[in-house]
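So the protein lines, in turn, are chains C and H.
Our numbering applies: residue 134 is where the first sequence begins, and numbers increase by one.
Our numbering applies: residue 647 is where the second sequence begins, and numbers increase by one.
First the structure, in the form of structure tokens, and then the observations on it.
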Amino acid sequence: MEVLLIHLVNALLYASVLFLIAGGLSLIYGVMRIVNLAHGNLYAFGAYVTAWAIGGVAAGAPSSLLLVLLPAGAFAAAVLGAALEPTLLRPFYKRAEEYQLLVTFGLLMILEDLLRFIWGPYPLSASELFENFGSLTIGDSLYPTYNFLVIGVGIVAAVFLWAFIYKTRFGVVLRATSQNMRMASALGVNVNRVYVQAFTLGCFMAGLGGAIVVPGQSAVLGMGVDALVLAFIVVVIGGLGSLEGALVGALIVGVVREAGIAWFPEIELAVLYLAAAIVLLVRPAGLFGRP
Amino acid sequence: MSTPAVAASAIAREAGSLRHVFRWALPVAVILLVVPWIVPQYTAILLTYGLIMAIGALGFNLLLGYTGLLSFGHSAYFGVGAYVVALMVKYLRVGSMELFLLGAIVGSVIVTAVFGFVCVRYTRIFFGILTLALSQVLWSLAFKFFWVTGGTDGLRVPTPSLLAGLATGTGDKTDFMSHAYYYYVLVIFFACVVLMWVIVNSPFGKALQAIRDNETRAEFVGVQIWRYRFVAFLVSGVFTGLAGALWVPLNGLTTPDIMHWTFSGEIVFMTVLGGFRSFAGPIVGAIVFNYLKTYAVGYTVYWQLLLGAVLVALVVSLPTGIVGTAERLAARWKKGG
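Structure, rendered in structure tokens:
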């Protein structure tokens with residue numbers, strides 16, 4: 134029973150991080166119709182910045198200060214996104230999708246090496262915060278308390294995002310632009326500004342995912358590319374461009390992955406990819422996507 | 647296309663383009679034939695890698711350039727070709743290159759048929775994501791089933807015997823690879839180029855281009871879109887699988903890296919580098935990319951940064967690639983002079 138509970142919490146832990154990454158990817162696609170192949174690298178960037186801040190600059194500081202520094206990665210990723218969209222992506226909106234994929238693939242390669250250039254080839258860890266939180270007991274086993282913080286952040290992010298998009302004026306503009314960019318533009322919406330804001334928000338979410346994951350596991354090169362493929366599975370299952378879909382997709386992937394690690398480790402990844410392929414076959418636009 | 651005048655002009659255009667091609671293709675073929683005798687062995691081996699990747703990119707471009715489908719999963723078929731060969735060595739103790747090629751073709755036909763059946767219903771971004779997801783299935787299998795595939799250690803493949811034992815690599819491996827194997831690859835390369843040329847200029851190839859340019863109109867003319875895309879997918883995958891089979895004895899080792907989706911990205915990269923709107927684009931792109939990557943890797947640890955910057959610059963300023971840009975410059979020069 135306790136084992137099952139631990140598996141469940143682990144699944145929620147995965148789902149929280151995945152929702153942050155995939156939600157950002159989906160938000161960007163929903164508004165801008167761009168699939169950002171470098172999205173995983175923004176997640177990695179967030180992880181590196183937070184690891185650098187917590188594990189390097191402020192090492193040894195009290196937990197409360199470390200907690201304040203935790204979102205540094207999210208803000209850094211947001212700033213990077215806000216700089217990238219107008220310079221690199223904006224010239225491509227009028228061109229074929231192939232070019233958009235290519236330019237973000239180029240960006241992926243560049244960012245991957247920039248991380249290596251700035252922080253070197255070795256893993257960067259920020260385990261101090263993770264250890265400071267200690268652990269609690271579930272049944273007879275010890276379980277790190279920090280993981281509950283990650284799940285909490287995931288839930289809060291989902292609620293905030295929902296409120297942001299469905300309850301605020303900015304959300305209305307965002308949804309209008311997503312549904313019909315030309316019409317929104319004709320009605321006086323500054324589409325360029327909405328695009329920058331949506332892209333920045335998406336990058337912020339990816340960066341936040343990286344920031345909260347890094348105390349529990351180190352920031353390593355290649356983590357972005359791996360995360361991107363998982364995020365793809367999430368959005369393919371949930372529907373590209375749908376935040377509800379990202380949430381449900383993240384939960385499904387979280388549960389399947391945890392079950393895979395526990396019971397069928399050899400084909401854990403294959404089962405995930407196959408699940409995505411089956412969903413696409415049955416519902417081409419994903420569970421919550423617009424066809 | 648039914649009036650005689652249109653048909654005649656089409657034939658004339660075809661003949662013109664054929665003449666145009668021979669003006670370029672013949673000197674290039676002659677150069678490729680004498681290369682191993684004039685350049686260092688290392689350069690010849692690099693060129694062999696380039697020619698092999700050119701076969702793969704040529705196959706890939708049947709989908710991107712001629713059918714308008716951007717696949718991010720071609721690493722899967724390349725990997726299937728390579729792993730079929732490696733598994734034939736491991737379990738069947740086969741050493742003949744011809745059997746390798748046969749096995750790789752059979753293997754990649756099976757895999758592309760299954761993948762194609764799933765993928766060709768989709769276009770644009772969904773096609774890209776779906777091919778990527780499916781190729782990652784194979785990657786994860788190659789990665790996890792280490793008792794079969796060797797995991798990240800990969801599988802070794804010894805030097806094969808060519809032409810049913812006529813040439814064997816018992817002597818100096820470098821010499822064998824830069825001469826006998828080079829010519830072996832070159833002949834297959836020529837055959838693939840001719841075959842692809844025939845395919846893209848056949849009624850089948852024209853139908854693919856019609857689908858690419860306007861799906862609805864092509865359907866109204868009576869083209870069965872699904873079936874045409876499926877066959878294009880199959881041919882494309884088999885070309886890339888063949889490239890994988892040729893690559894693995896040269897490399898001596900196959901690892902799951904070549905199945906990973908970033909390798910698909912490299913195949914896309916080379917095709918765009920050469921120019922996906924022209925027939926020769928992927929060939930030029932693959933050979934240039936291979937040299938570019940080899941020297942970038944040797945020059946700096948930040949080679950990804952360098953290649954990424956090249957890709958971004960290319961897409962921003964030269965979207966028609968090397969061949970397209972050269973053609974435009976040549977046309978301008980001709981007009982001016």
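Note that CB positions come from ideal geometry on N, CA and C, so glycine has one too.
The C-beta distance from R858/H to G714/H rounds to 3 angstroms, short enough to meet the 8 angstroms contact threshold. Excluding five sequence positions before and after R923/H, the CB atoms of its chain that fall closer than 8 angstroms to its own CB belong to G711, T966, G967, G970, given in chain order. Assignment of A352/C by DSSP, reduced to helix, strand and coil, places it in the strand class. The continuous alpha helix (DSSP H) containing I756/H extends over residues 743-765. Using beta-carbon distances, I857/H does not count as an interface residue toward chain C, since no partner is under 8 angstroms. Annotated three-state conformation of Y729/H is helix, per DSSP. Going by DSSP, S910/H is part of the alpha helix (DSSP H) stretching over 907-920.
For L240/C, the C-beta contacts it makes with chain H under 8 angstroms involve G954, V958, in order along the chain.
Per DSSP, the unbroken beta strand (DSSP E) holding S274/C starts and ends at 274-277. Shown here, R228/C sits in coil according to DSSP, grouped into three states, outside any helix or strand. Shown here, I271/C sits in a strand according to DSSP, grouped into three states.
With fewer than 16 other CB atoms across the displayed protein chains lying within 10 angstroms of its CB, W793/H is exposed. Within the segment 897-911 of chain H, the residues whose Cβ lies closer than 8 angstroms to any Cβ of chain C are, in chain order, W907, T908, G911. Residue nearest to F397/C within the set L787/H, T694/H, F761/H, L692/H is L787/H (criterion: CA-CA distance). The beta carbon of H825/H sits closer than 7 angstroms to the beta carbons of P682 from its chain, once the five residues preceding and following it are set aside; these are given in chain order.
Pairing L361/C with R326/C, the inter-Cα distance amounts to about 26 angstroms. Counting along the chain, no alpha helix (DSSP H) covers P686/H, and no H or E run does either.
Residues of the segment 357-391 of chain C whose Cβ lies closer than 7 angstroms to any Cβ of chain H, in chain order: V358, V362, F365, I366, V369.
Note on geometry: alpha-carbon atoms of R228/C and A972/H lie some 22 angstroms from one another.
V783/H places its beta carbon less than 8 angstroms from that of A403/C. Annotation for Y328/C: the continuous alpha helix (DSSP H) segment containing it runs 324-346.
The beta-carbon distance between A703/H and T917/H, rounded to whole angstroms, is 5 angstroms. This is short enough to meet the 8 angstroms contact definition. The beta carbon of A155/C is closer than 7 angstroms to those of A364, V367, V368, A379, G382, A383 in its chain, skipping five residues each way along the sequence. Closest by C-alpha distance to N323/C, out of L307/C, A191/C, A296/C, is L307/C. At a beta-carbon threshold of 7 angstroms, none of the residues of chain H lie near V412/C; the nearest stands roughly 10 angstroms away. If you draw a 10 Å sphere on the C-beta of N707/H, you find 16 or more other C-beta atoms in it, and that means buried. At a cut-off of 8 angstroms between beta-carbon atoms, R416/C makes no contact with chain H. For E218/C, not one C-beta of chain H is nearer than 8 angstroms to its own C-beta. Measuring C-alpha to C-alpha distances from T805/H to each of L748/H, N897/H, Y874/H, V676/H identifies N897/H as the nearest.
Around R249/C, the beta-carbon contacts reaching into chain H at under 9 angstroms are V947, Y948, Q950, L951.
A direct Cα-Cα distance of roughly 8 angstroms separates A779/H from G719/H. As DSSP reads the structure, L801/H sits in a beta bridge with T900/H.
Look at A409/C: its C-beta is under 8 angstroms from a C-beta on chain H. Separation of P673/H and L953/H (C-alpha to C-alpha, rounded to the nearest whole angstrom) is 30 angstroms.
Look at L320/C here: in three-state DSSP terms it is coil, with no helix or strand label. Taken in chain order, the members of the segment 781-815 of chain H whose beta-carbon sits within less than 7 angstroms of a beta-carbon on chain C are Q782, V783, S786, L787, K790, F791.
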